[in-house]
Amino acid sequence: MKAAWEELGTEYESSSSVVIGDADCTVEQGLCSKQGVSGYPTIKYFMAGEKEGKSYSGGRSLDALKAFTADTLEIKCSPKDTSGCSEKEVKFMETFKAKDGAAIKKELTRLQGMAAGSMKPDLKQWLPQRGNNLKQLD
1 MKAAWEELGT EYESSSSVVI GDADCTVEQG LCSKQGVSGY PTIKYFMAGE
51 KEGKSYSGGR SLDALKAFTA DTLEIKCSPK DTSGCSEKEV KFMETFKAKD
101 GAAIKKELTR LQGMAAGSMK PDLKQWLPQR GNNLKQLD
């Protein structure tokens, strides 16, 4: 797994939205304890603005890690450069550009609640994209 992780880091080293890192929990015991790491290797991921990592339970191959990173973590679309955005994302951001910070926070809270529920796969995939778009506007 170490080789796959290092290659993933190399692929994303110039990314403006993804940082791949690691911590040696035999050295960084305080950090690892704070993040609830008790077994090794443990993969945690952080969405923009979050201080607590979420546990990753997907595959450990390079292909699985790349797919998760591209689908969940990488921000391909931004309000400043919509060239990487789908029409759906542009329309969504336009709707929220006109709203204040409180409305954006309310929508983020609603999306987080939805993530815990069950829904069609295409809708579930759209949740992180909406969240990332909103966090960039906030």
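In this text, residue positions in the sequence shown follow the working numbering: the first is 1, and each later residue adds one.
Cβ atoms here follow ideal geometry from the backbone N, Cα and C, with glycine treated the same way.
It should be emphasised that the depicted structure is a prediction, and the values quoted were computed from it without experimental measurement.
- Secondary structure of residue 38 (DSSP, three-state): coil.
- In this structure, residue 115 keeps its C-beta atom at 8 Å or more from the C-beta atom of residue 123.
- The C-alpha of residue 26 is placed about 34 Å away from the C-alpha of residue 135.
- Within 10 angstroms of the beta-carbon of residue 19 lie fewer than 16 other beta-carbons, which makes it exposed.
- In the displayed model, residue 80 falls within coil according to three-state DSSP, outside both helix and strand.
- For the 8 Å CB-CB criterion, residue 60 and residue 1 form a contact.
- Within the segment 57-118, the runs of alpha helix (DSSP H) that reach at least 4 residues and sit entirely inside it are, in chain order, 62-68, 87-97, 101-115.
- In this chain, the alpha helix (DSSP H) harbouring residue 10 covers 2-11.
- Residue 89 is classed as buried because its beta carbon has at least 16 other beta carbons within 10 Å across all chains shown.
- If you draw a straight line from the Cα of residue 12 to the Cα of residue 22, it is about 14 Å long.
- DSSP places residue 17 in the coil class of the three-state scheme, outside both helix and strand.
- Setting aside the 5 residues that flank it on each side, residue 35 is surrounded in the same chain by 44, 53, each with a C-beta closer than 6 Å to its C-beta; the list follows chain order.
- Ranked by Cα distance from residue 97, the first of 138, 132, 83 is 138.
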